[in-house]
Structures are given as C-alpha cells and as structure tokens.
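Heads up: the sequence lines are chains A and B, in that order. Be aware that the first sequence starts at 1, since it is given in the numbering used here, and climbs by one per residue. Be aware that the second sequence starts at 1001, since it is given in the numbering used here, and climbs by one per residue. Backbone N, C-alpha and C define an ideal beta-carbon position, used for all residues, glycine too. None of these values were measured; they are calculated from a predicted model.
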Amino acid sequence: MGTAPASRDVTSYGMGLAAPLALFFLVFFVAPLLQLLWLSLHNDTAGLHWGVGQYLHFLTDPFSLSVLGSTLLLGAEVTAVCLVLGFPIAWLYQRVGPRLQTVIILIVLLPLLTSVVVRTFAWIVILGRQGIINATLQSLGIIDTPLKLLYTQFGVVIALAQVQMPLMTLPLITALGRIDPNLDDASCSLGAGSWRTFFRIVLPLSLPGVIAGCTLTYAAAITAFITQSLIGGGQMLFMPMYLYQQASTLQNWPFASAISIIFLLAVLAVVSVFTTLGRMSRGYGGA
Amino acid sequence: MADTPGGRSLVVDAVTHRYPSGALAVENINLDIKGGEIIALLGPSGCGKTTLLRIIAGFIAQTQGRIIIGDDIVDALPPNRRAVGIVFQNYALFPHLSISENVGYGLAARGVDKASRQREAQRLLELVQLPAMAERLPRQLSGGQQQRVALARALAIKPSILLLDEPFAALDKNLRLDMQIEVKRLQRVSGITTLIVTHDQEEALSMADRVAVLSHGKLEQFGTPSDVYDRPQTLFVNTFVGSSNRMPGVVVSADRTAAKVRLDAGAEIIARPAGGTLSEGGRVTVCIRPEHLQFVGDETGFAGVVGMSLPLGATVVHEVTTADGSGVKISQARIGETRALENGAAVRLAPLAPSLANAFPATL
Ligand SMILES: Nc1ncnc2c1ncn2[C@@H]1O[C@H](COP(=O)(O)OP(=O)(O)OP(=O)(O)O)[C@@H](O)[C@H]1O
Ligand SMILES: [Mg+2]
Chain A
1 MGTAPASRDV TSYGMGLAAP LALFFLVFFV APLLQLLWLS LHNDTAGLHW GVGQYLHFLT
61 DPFSLSVLGS TLLLGAEVTA VCLVLGFPIA WLYQRVGPRL QTVIILIVLL PLLTSVVVRT
121 FAWIVILGRQ GIINATLQSL GIIDTPLKLL YTQFGVVIAL AQVQMPLMTL PLITALGRID
181 PNLDDASCSL GAGSWRTFFR IVLPLSLPGV IAGCTLTYAA AITAFITQSL IGGGQMLFMP
241 MYLYQQASTL QNWPFASAIS IIFLLAVLAV VSVFTTLGRM SRGYGGA
Chain B
1001 MADTPGGRSL VVDAVTHRYP SGALAVENIN LDIKGGEIIA LLGPSGCGKT TLLRIIAGFI
1061 AQTQGRIIIG DDIVDALPPN RRAVGIVFQN YALFPHLSIS ENVGYGLAAR GVDKASRQRE
1121 AQRLLELVQL PAMAERLPRQ LSGGQQQRVA LARALAIKPS ILLLDEPFAA LDKNLRLDMQ
1181 IEVKRLQRVS GITTLIVTHD QEEALSMADR VAVLSHGKLE QFGTPSDVYD RPQTLFVNTF
1241 VGSSNRMPGV VVSADRTAAK VRLDAGAEII ARPAGGTLSE GGRVTVCIRP EHLQFVGDET
1301 GFAGVVGMSL PLGATVVHEV TTADGSGVKI SQARIGETRA LENGAAVRLA PLAPSLANAF
1361 PATL
C-alpha cells in the first residue's frame, strides 16, 4: 500500500478497503483453522504427543469411512434432487409474466425466510408415522400400515432438498436470464424442436448457473447439522453429527479436529471437480 | 403467385396483431409477394416491422388474418416447420458453438450426418466469403463477420422465405454497403423470396424490388421504389421517404388528374392530387422535393428571400424564406458555375413540373 500520496494508484485503495474484511477473516477464520490443524496433529486427547495418528485412525477405520461416504453420497442425492426439481422452476420463471415471476420468487425464497428448526419440525410432522402423508394414504386405503419415512435416507434427502432449493434455483434463474431469448427463436426457426433447443442451446449455456447451484447446494447439504440429525434420527450418522459427538460428548478434540480437516478436504475435492467440469464445457463464460 | 425455383410466394392477408398488453402493433396489413422478390419493410421505430416479421416466422400468432406461403396457409405451423430463415438484428449466433457448428445447426436438426453437415457449412462459409473461420467461436469474429455467419446459417436450411430484421443496422457505412451488395448477390443467386426490415430509406430504395412503407402499424403504400419515391400515396410516405417541403394551401379547382392550388406562400400552382380527389375550397398540403424546385425569372412562381446556402458536394441546398414566413429548401446540381446567391437575395421559385408537386388533403 503506497504511503507516499504521489505514488498512490487506484489499486492501493482497493487493498485498503478490503483490509477490515481481511483482518476479520484472519482472526475468525484462518487462525481457528490453523489451531484446528495444530490440534489434529496430536496423538492423544490431552494434546501432548505430536503425530498423524488421528488421521491414520480415521482412514483405517471402516466405520469412520462409511460415515464420510454416506455424507458425500447424501450431498450428491440432495444436489441431484434440487437440480431436477429446480431447473423447471427456473425455466418457467423466465417464461411467465412479471406477476407470476413475483409469485415464483416468493415461493423459492420462502424456505430462506423461515427458521431452519421450524422447517425441520414441519417435515417431522409431514413424514412421521402419524404424519400427514401416512394419514392421507391410510385414509385413502392405499396402505394398511404406516410407511417408514422419518429416520430414513429418503426422508433426509427430501427435507434437505426443500431447505436447500433456493441455493439451486436462484443461480439457475440468473443463468437462464442471461441467455438471449433470440437464441431460442433462432434454434426453432432453424428447424429444431423444443427438446433439441433445450439440450443443445439452453442447457449448455446455463452451465455456469448449474455449477454454481450444485456447489452451493452440495456444500450446504452435507453440513446441514440440524436437518440431518432431526430427520435422520439416531440410526443415521453423518459427518457433522459424528464430529459433534467426538468433540462434545467424548471430548476427543484431536480426533474431532482431524475429522474436520478430512471433511474439509473432501468437500474441497468435490467442489473443485464441479468447477473443473464447468470450465471444461465450452458454454462456461460464454454468451 | 408464381414460385421461382428458389423462393415461394408469400401472402400476408389482412393481418392484425394486438399484444396482450393491448397495444395494436399491426393493423390490417395486406402484402402479396411473388416468389424470388426482395421486399423492404420500411417505417419509423415502433411502427410494427419486427412484429410483422415475427408473425411471418411463426413466433407470434396474429390476432387476425392469414399468412400464406406458396399454396399453404401456415398459421397452424410452429416456426420450426415453416422453412422460414430469419436473421436477427443482433445475429443471435450460438455463443458456445463454433462457426461451422452454427451454420450446420439447422442441418443437424434435420438429421443430416456430421460429414455432410461440415461439407455444407464449408460451402456456405465460402459463399459468404469466410472460409477460414469455421473453427472459431462467434465472439472471435467482428460484427460484419458474425452477420455473414448468421446469413449462412439461415441459408443452410434452404428456406423458402428469408427474413432479415435490420440486418445492417450495427455496421459502419462502408461495411453496410458491402453487405447490402452481398445480400443482393446471394439473393439473386438463390432466388429466395426475401423480406428486409429497415428504417433506412436509402437501403430500402436501393435493395428492394418493392417497398412496403408502414406507419403506426398500418400499410401506407406498397410499390416499387420509384412509385414510393415519385408517386407517394400519402403525406406520410412523401415526407418519410426522401426529404420534402410541405407547403399549405387552398384548392382553387380540381379534377382527377390535376389541381390548382393557391399556396399560402403566395402563388397559384398546378399539383397532382395524390391522396384521391380533392374538393374545391378545401385546405391541402403540397409536398415538393428540394430537387424538384427551380428558380424562375418571370412572375410565375412564389417569392422568397434566400437565407443560408449549404454546398453538399454534388448539390447545393439553399434555404429560402417565403412570404408567409415558412422555410423552403431547394437543391440544385452544381454544374460548372452555379449562380452565386447572396444571402438576402429576392428570388422566385416554382416546381419543375406539375406532376412533381403532390397535393394531400390537410389532416387538420
Ligand atoms: N412484446 C410486446 N408486448 C407489448 N407491446 C409490444 C411488444 N413488442 C412490441 N410492442 C409494441 O408494438 C409496437 C410495434 O413494435 P415493433 O417491435 O414491431 O416495432 P418496430 O417497427 O420493429 O420498431 P423498431 O424499428 O424500433 O425495431 C410498438 O409500439 C411496441 O411498443
Ligand atoms: Mg424492430
């Protein structure tokens, strides 16, 4: 940062303005992260002996690996559901009048406007043994005994998908809105039907939005502690809860730290796969 | 309604379109276009040109009327089954596809295999003089080059009608002239019935076999460039196409072919009744183009005082203030020693011939 007023150029202002946020991140993000790393590199709970034993323990323990695996899988399932359900909504948004657009945006944003705890309990009411779905199906005579919806993978995926939907839909709406509507017409006038237009033109050009939406949804879904634990119940264990148990209940801070670091790296790996995929497709940054 | 080998005839039959918002964009338009003709749709901004083009292409379903291509009424056909090629004002090339893929897109939709597609794309790119650009992306091309690609892409599907929406608006003057010649050449070669939307009257007059002049969604006149320029049917056409002096006056006597008009500027002249018959004593507006006025020595014309003189290359335009205080422009060819006109000189002006002064009933 230039101190002499004469040599001050525009870029030095930018750095100066970013300083408060940089400081904030340094104190509240980078420092704790380093502390976490430091803690994870101890072999005993008291934190006296250095070593990579916690990492070895995690990576050789089938139970820990299965928790990691099911968490990453859960993220993939939620992301897929959000993409399949969110794309038509975003597509519809670009094709209706301004009044309906307001309605759609409101519906999309609604999950963000209610507390996550309230939303999750609502899903318990819907999915429970005596819940709305089971009660309806039973009164219609479609089933005799209540279906097990709560405390299942299916239940968790559905509840998470609803909660994370805005993170998928909003980037998609933005990306689709950036596509010149004349491209649709051009494709059509060249003899292409709506499906060809969708797969050859709309989908490739909306890839930046798809990538952004998937990244956000994925990251949010695998770290959603409250929804995962309340809907998943005791039998289903995912990384955030596993971490919490190790840290809070068992007071095994070094192992909990190692879990965090491994989880972080796994998430970063998945996210970078998304980004690389996006950059490889030629639609990225186009239009 | 003869169809040439390349192009089919196009009939716009009493087409009216009202947008859901209530705006009446086009009203009772009738056009009868022969196969292979180039037609210009000329009119000021907002007069409904794009709307009419989109109706013909099938993107908008008109409120009333029919579109007939060749012998088929196409109103029920979606755009992808009308075989109408369209070049959009902003080109609308697919940004993620290479130039070759862009041109071959329509063929792919028709199930043509990749090798033939590339061959045909290459042939068309040669036709528009861009053979070396096949592998580039649209954003790596200049505006004029993108324009040519858009044209090649539209021609690839061998359309029976080609629609161009303000195709040259974004190009600079020299490139525009090149492209106008290019399109005309391609059109002659392929014989495709072509409709060019423009608000540039020079473009319309120079490129088209016939010009349709629109104003506020209505068809003002549909005729050859010389019809539209020399024998305008409405006051709007006379003033919108080319420049024109508007001089108010009163009809002294009139029959079907000639009217004697007493101009407010002070003289009696003979004019052509352009918008139907005129009634004696009625107020009219007489339109005379600057190049159709001459200086006269005797007492025949109307008097005025020379204001500014603008030498515009091959012609000189003089501004003359008439007795009633209105301004009149007269342009003279600069042949050798043109008579030098002093600022403030008293002159008399008259039309070159009665048929070159058009009298329209005053609208007020
Ligand atoms: N989608 C629409 N909804 C409502 N009104 C519209 C719509 N599109 C155009 N209009 C109106 O219809 C009229 C004709 O529009 P159009 O786009 O056909 O004009 P244009 O002749 O192509 O003008 P320009 O030369 O500026 O492109 C205008 O008054 C416009 O405001
Ligand atoms: Mg237009």
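Start-to-end residues for the beta strand (DSSP E) that takes in residue i
| i | result |
| --- | --- |
| residue 232 (chain A) | Run containing residue 232 (chain A): none in the beta strand (DSSP E); it sits in the alpha helix (DSSP H), 225–232. |
| residue 201 (chain A) | It is not in any beta strand (DSSP E) - residue 201 (chain A) carries neither H nor E in the DSSP assignment. |
| residue 1253 (chain B) | 1245–1254 |
| residue 1078 (chain B) | Run containing residue 1078 (chain B): none; DSSP gives neither H nor E here. |
| residue 1169 (chain B) | First-last for residue 1169 (chain B): undefined, no H or E at that position. |
| residue 941 (chain B) | Only positions 1001 to 1364 of chain B appear in this structure, which leaves residue 941 (chain B) out of reach. |
| residue 1197 (chain B) | 1193–1198 |
| residue 1287 (chain B) | 1283–1288 |
| residue 1066 (chain B) | 1064–1069 |
| residue 1085 (chain B) | 1084–1087 |
| residue 1334 (chain B) | Where residue 1334 (chain B) is concerned, there is no enclosing beta strand (DSSP E), given that its DSSP letter is neither H nor E. |
CB contact flag (residue i, residue j, <8 Å)
| i | j | result |
| --- | --- | --- |
| residue 1093 (chain B) | residue 1128 (chain B) | no |
| residue 1086 (chain B) | residue 1125 (chain B) | no |
| residue 75 (chain A) | residue 213 (chain A) | no |
| residue 1266 (chain B) | residue 1306 (chain B) | no |
| residue 228 (chain A) | residue 241 (chain A) | yes |
| residue 1042 (chain B) | residue 1052 (chain B) | no |
| residue 226 (chain A) | residue 239 (chain A) | no |
| residue 1015 (chain B) | residue 1065 (chain B) | yes |
| residue 1115 (chain B) | residue 1104 (chain B) | no |
| residue 256 (chain A) | residue 277 (chain A) | no |
| residue 210 (chain A) | residue 172 (chain A) | yes |
| residue 1017 (chain B) | residue 1050 (chain B) | no |
| residue 1365 (chain B) | residue 1286 (chain B) | No statement about residue 1365 (chain B) is possible, as the shown extent of chain B runs from 1001 to 1364 and does not include it. |
| residue 105 (chain A) | residue 159 (chain A) | no |
| residue 1044 (chain B) | residue 1222 (chain B) | no |
| residue 1195 (chain B) | residue 1039 (chain B) | yes |
| residue 1167 (chain B) | residue 1147 (chain B) | yes |
Element boundaries [alpha helix (DSSP H), containing residue i]
| i | result |
| --- | --- |
| residue 241 (chain A) | 239–244 |
| residue 179 (chain A) | It is not in any alpha helix (DSSP H) - residue 179 (chain A) carries neither H nor E in the DSSP assignment. |
| residue 215 (chain A) | 207–222 |
| residue 1295 (chain B) | Per DSSP, residue 1295 (chain B) belongs to no alpha helix (DSSP H); it is in the beta strand (DSSP E), 1293–1295. |
| residue 1204 (chain B) | 1201–1207 |
| residue 48 (chain A) | No alpha helix (DSSP H) holds residue 48 (chain A); DSSP gives it neither H nor E. |
| residue 105 (chain A) | 98–113 |
| residue 1155 (chain B) | 1143–1156 |
| residue 64 (chain A) | 62–93 |
| residue 1359 (chain B) | Premise fails: residue 1359 (chain B) lies in the beta strand (DSSP E), 1357–1361, not in any alpha helix (DSSP H). |
Helix, strand or coil at residue i [DSSP, three-state]
| i | result |
| --- | --- |
| residue 1226 (chain B) | helix |
| residue 1126 (chain B) | helix |
| residue 1117 (chain B) | helix |
| residue 4 (chain A) | Only weak support exists for where residue 4 (chain A) lies, its pLDDT of 46 falling under 50; the value from the coordinates is given anyway. Looking at residue 4 (chain A) - three-state DSSP - the assignment turns out to be coil, as it is neither helix nor strand. |
| residue 1352 (chain B) | coil |
| residue 1309 (chain B) | strand |
| residue 235 (chain A) | coil |
| residue 1017 (chain B) | strand |
| residue 1234 (chain B) | coil |
| residue 285 (chain A) | Annotation note: pLDDT 43 at residue 285 (chain A) (below 50); position unreliable, coordinate value reported separately. Here residue 285 (chain A) sits in coil by DSSP. |
| residue 1002 (chain B) | Caution is warranted here: a pLDDT of 46 is assigned to residue 1002 (chain B), below 50, making its placement in the model unreliable, and the coordinate value is therefore given only provisionally. If DSSP states are grouped into helix, strand and coil, residue 1002 (chain B) belongs with coil. |
| residue 1304 (chain B) | strand |
| residue 1327 (chain B) | strand |
| residue 269 (chain A) | helix |
| residue 1162 (chain B) | strand |
| residue 1278 (chain B) | coil |
Short CB-CB distance (under 8 Å) between residue i and chain E
| i | result |
| --- | --- |
| residue 1168 (chain B) | No chain E appears in the structure shown, which is made up of the protein chains A and B. |
Check: residue i C-beta below 7 Å from any heavy atom of ligand 3
| i | result |
| --- | --- |
| residue 1023 (chain B) | Ligand 3 is absent from the structure shown, which contains only ligand 1 and ligand 2. |
Do the region 1156–1168 of chain B and the region 1082–1102 of chain B touch if we need at least three Cβ pairs shorter than 8 Å? Proximity of the region 1156–1168 of chain B to the region 1082–1102 of chain B meets the contact definition, three or more beta-carbon pairs being nearer than 8 Å.
Are the region 201–221 of chain A and the region 41–50 of chain A in contact at 8 Å, needing three or more beta carbon pairs? Two segments are said to touch when three or more pairs of C-beta atoms, one from each, lie closer than 8 Å; by this definition the region 201–221 of chain A does not touch the region 41–50 of chain A.
Contact between the region 117–127 of chain A and the region 148–162 of chain A is defined here as three or more beta-carbon pairs at a separation below 8 Å; is this criterion met? Result yes; three or more Cβ-Cβ pairs closer than 8 Å.
Using 8 Å as the threshold, is the region 158–174 of chain A in touch with the region 132–140 of chain A, meaning 3 or more CB pairs across them? No, the region 158–174 of chain A is not in contact with the region 132–140 of chain A.
Check whether the region 1218–1235 of chain B and the region 1023–1037 of chain B are in contact - that is, three or more C-beta pairs closer than 8 Å. Enough Cβ pairs lie closer than 8 Å, so yes.
Mind the definition here: the region 1352–1361 of chain B touches the region 1313–1324 of chain B only if three or more C-beta pairs lie below 8 Å; say whether that holds. Flag = no, the region 1352–1361 of chain B and the region 1313–1324 of chain B do not touch.
Any residues whose CB sits closer than 7 Å to a heavy atom of ligand 2? List them in chain order? After applying the 7 Å Cβ criterion, the set is B:1049, B:1050, B:1089, B:1165, B:1166, B:1197.
If you pair each beta-carbon of the region 1273–1280 of chain B with each one of the region 1291–1300 of chain B, do three or more pairs fall below 8 Å? No, the region 1273–1280 of chain B does not touch the region 1291–1300 of chain B.
Just checking, does the region 1254–1264 of chain B make contact with the region 1229–1244 of chain B on the three C-beta pairs under 8 Å criterion? The region 1254–1264 of chain B makes no contact with the region 1229–1244 of chain B, as fewer than three CB pairs between them are under 8 Å.
For the region 99–112 of chain A against the region 175–191 of chain A, are there 3 or more C-beta pairs whose distance is under 8 Å? The answer is no - the region 175–191 of chain A does not touch the region 99–112 of chain A, with fewer than three Cβ pairs under 8 Å.
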